[in-house]
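Structure first, then comments.
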Amino acid sequence: MAIDEFRDDIDVATAVENIKSMDIRGAGRIARAVAISIRNNLSNSTFDSSDQLRTMVFEWSRELYNTRPSAVSLSNTLRYIISRMMQHEGNAETLKGSLMMDCNTFVQTSLNAMEVIGDYGAHRLRSGMVILTHCNSSNALSILSRGKERGKDVKVFATESRPRHQGYITARYLREKDIDVTLIIDSAVRALMKEVDLVIVGADTITANGAVINKIGTSQVALCAHEARVPLIVAAETYKFSPETLFGYLVEIEERDVREIIDPNEIEGVNIRNPAFDATPPEYIDAIVTEEGIIPPTAAYDIIDKYYGNARPMEELLSIQ
Ligand code: 5GP
Ligand code: RI2
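Following this note's numbering, the numbering of the sequence shown begins with 467 at its first residue and continues without gaps.
Okay, here's the thing in structure tokens:
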């Protein structure tokens, strides 16, 4: 398997399908899959003019945009690609080459950010600590594996993360890295929190007021940590910060197919809901570890202003009616 556990030759149609089915999942991996798929579609197409190329990129972007609405990393990747595309001049061939390079740059920047986050976050670890993590965040794992490389031996509680059990991926990864890991059910978090020194989670989206949208259950973990005075840190690249929330938009909380929980035929007459994410208020977050440094959640506005100061709402950018 090529880069990042999905095929390096993935095209836009396959990326759309795989992101929807969650064969490609994790906010950062989704972002990289988007950039790689657009690069590959560019590579496999010929264009009569640069205008035609731009029209196609907008079309692919619209297809990708709606696959996981709660992951802002996806729309920020599209923002990056579209803004580069609008800056480039020249004929279709030149534009195609430049834009393919931009897609590669995005992927490389994203992977570098994860490394830097690992470096910074590992400064928070000390040998003997007990860490709790929820779901499967490559950024949270970057911190734990960097800590291990630096000789910091910690023990980790990994929540199962119903309904899709991404906690199993986390547990297996930590095992492979020779990090002591204990798998727990999601509802065991409060019972075990008194043994925990630090909670580390990832993020799908960070809002202008510093709230973190992450896997369902994160806000319950945060509430328990807050009650037990256990610090919680969030590991997230700057492209997880949502410019849309500056304009007053609320991050849509994705509700997924209820069959991820149970086949409705097995429990007839019962309503089922399956929200995939929740919002953790900034008051419950000690710090956000970004590639820019470790910042308080109240600094979210500054990150959005710096990176996306002149951003337009996504639907306007993509001319979605
Ligand atoms: P709660 O639901 O626990 O009252 O609060 C959730 C936190 O998320 C609040 O701090 C709220 O302001 C914040 N938040 C900020 N932006 C958004 C958003 O776009 N979507 C959602 N669901 N919550 C948001
Ligand atoms: P990285 C995941 O979402 C989890 O909510 C995880 O915390 C978040 O993406 C960030 O992951 P899902 O795709 O970008 O499993 O840190 O729903 O890998």
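Glycine included, C-beta positions come from ideal geometry on N, C-alpha and C.
None of the values given here were measured: they were computed from a predicted structure.
- Here the distance from the Cβ of Pro779 to the nearest heavy atom of ligand 1 is not below 8 angstroms.
- Unbroken alpha helix (DSSP H) stretches of 4 residues or longer found wholly inside the stretch 575–657: 604–615 and 632–642, given in chain order.
- Thr560 is the residue among Ala499, Thr560, Ser611 and Ile719 whose C-alpha sits nearest the C-alpha of Leu519.
- Per DSSP, the unbroken alpha helix (DSSP H) holding Leu689 starts and ends at Thr684 to Glu693.
- In the DSSP annotation of this structure, the continuous segment of the beta strand (DSSP E) that includes Asn680 starts and ends at Val678 to Lys681.
- When DSSP reads this structure, Asp744 sits in a beta bridge with Asn680.
- Collapsing the DSSP output to three states places Val667 in a strand.
- Leu784 is classed as buried because its beta carbon has at least 16 other beta carbons within 10 Å across all chains shown.
- Using a Cβ distance threshold of 9 angstroms, Leu712 and Val655 do not count as a contacting pair.
- With a threshold of 8 angstroms, the Cβ atom of Gln553 does not count as near ligand 2, since no heavy atom of the ligand is closer than that.
- In the DSSP annotation of this structure, the continuous segment of the alpha helix (DSSP H) that includes Ile496 starts and ends at Ala493 to Ser509.
- Note on Gln574: under 16 other CB atoms within 10 angstroms of its CB, so exposed under the neighbour-count rule.
- Ranked by how close their Cα comes to the Cα of Arg628, the residues Met780, Asn506, Pro763 and Arg725 have Arg725 in first place.
- Judged by beta-carbon spacing, Ile504 lies within the 9 angstroms limit of Val523, meaning their Cβ atoms are closer than that value.
- Residue pairing by DSSP places Val700 opposite Val667 and Ile754 in a beta bridge.
- Residue nearest to Val622 within the set Asn731, Ala669, Asn675 and Leu658 is Leu658 (criterion: CA-CA distance).
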